[in-house]
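For the sequence shown, the residue numbers in the numbering used here are 50 to 238.
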Amino acid sequence: MLRGYHRFYEEYGYVLDILPRPTRRVPRPAQLAGRAVELIGDKYFTLLEAVLKRGVSVSIGERLFLGRSPESKVAFIVGRLNYYELTGPAQAELPDIIERIIVANEERFVDFFNKSQPVSPRMHALELIPGIGKKYMFAILRERSIRPFESFKDIKSRAGIPDPVKLIAKRVLEELMEERPKYRLFVKG
């Protein structure tokens, strides 16, 4: 057993694409399998393939409960996916859904700007976000030492960053596209 290994399970996920059947072999009876969906989890940004319960309809962008519950629309999770296993429409939908997740969890991501630390003696975690270099990093550090940020609007006005939501979404997408990123800020794997 791997020491220090911990699995992260998603509780909710957003539908990226709807498939007629699972792309992988399903180790369950065929009569249980309905249509398949490709999802992204809203906590750890895990890409998943799941099978819906029979007779259930969902739409792209819909938030689904992934746990075991009679009200859940998901029958079972087939497995994890990487970015390149997603269908073309799912890859196209991904940036918009990531931005929706970030806006819905604004407090969590604003907290990142308030509490992020250096990842090495020469690099700060803020610099790993595309579009944030030394200049913006020092502006963020200066402003958060005066008073913690309260919202994305506050970050935008006080630190002068163009659009924090788009910058974070870009970083999440980079982490999903890389097989083994050196630093993981938002995606758990």
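Glycine residues also receive a C-beta, built at the ideal position from the N, C-alpha and C atoms.
Check                                                                                                                           : Outcome
Top-ranked residue by Cα proximity to residue 107, from 83, 188, 173 and 74                                                     : 83
Spatially closest choice to residue 59 from 73, 74, 88 and 69, by CA coordinates                                                : 88
Where the alpha helix (DSSP H) through residue 194 begins and ends                                                              : 183-195
Residue 144 in three-state terms, based on DSSP                                                                                 : helix
Segments of 4+ residues assigned as alpha helix (DSSP H) that fall wholly inside the region 103-163                             : 137-153
Whole-angstrom distance between residue 233 and residue 191, CA atom to CA atom                                                 : 24 Å
CB of residue 221 within 9 Å of CB of residue 95, strictly                                                                      : no
Cut-off 8 Å between Cβ atoms - residues of its own chain near residue 179, not counting five sequence neighbours on either side : 216, 219, 220 and 223
Alpha-carbon to alpha-carbon, residue 120 and residue 85                                                                        : 17 Å
Exposure label - residue 227; buried when at least 16 CB within 10 Å                                                            : exposed
Whole-angstrom distance between residue 214 and residue 152, CA atom to CA atom                                                 : 7 Å
Residue environment, residue 146, which counts as buried when at least 16 other CB atoms sit within 10 Å                        : buried
Endpoints, the alpha helix (DSSP H) within which residue 96 is located                                                          : No alpha helix (DSSP H) contains residue 96, which is instead part of the beta strand (DSSP E) from 96-101.
Which listed residue (176, 62, 167 and 148) has its alpha carbon closest to that of residue 112                                 : 62
Span of the beta strand (DSSP E) around residue 206                                                                             : Counting along the chain, residue 206 falls outside any beta strand (DSSP E), though it belongs to the alpha helix (DSSP H) covering 201-208.
Sequence-distant residues of its chain with Cβ nearer than 8 Å to residue 186 (five each side left out)                         : 173, 175 and 176
Cβ-Cβ separation, residue 71 to residue 105 (assumed contact under 8 Å), whole Å                                                : Not a contact, Cβ separation roughly 15 Å.
Check whether residue 162 and residue 126 have beta carbons under 9 Å apart                                                     : no
N-terminal and C-terminal residue of the alpha helix (DSSP H) that residue 221 is part of                                       : 213-226
Exposure label - residue 156; buried when at least 16 CB within 10 Å                                                            : exposed
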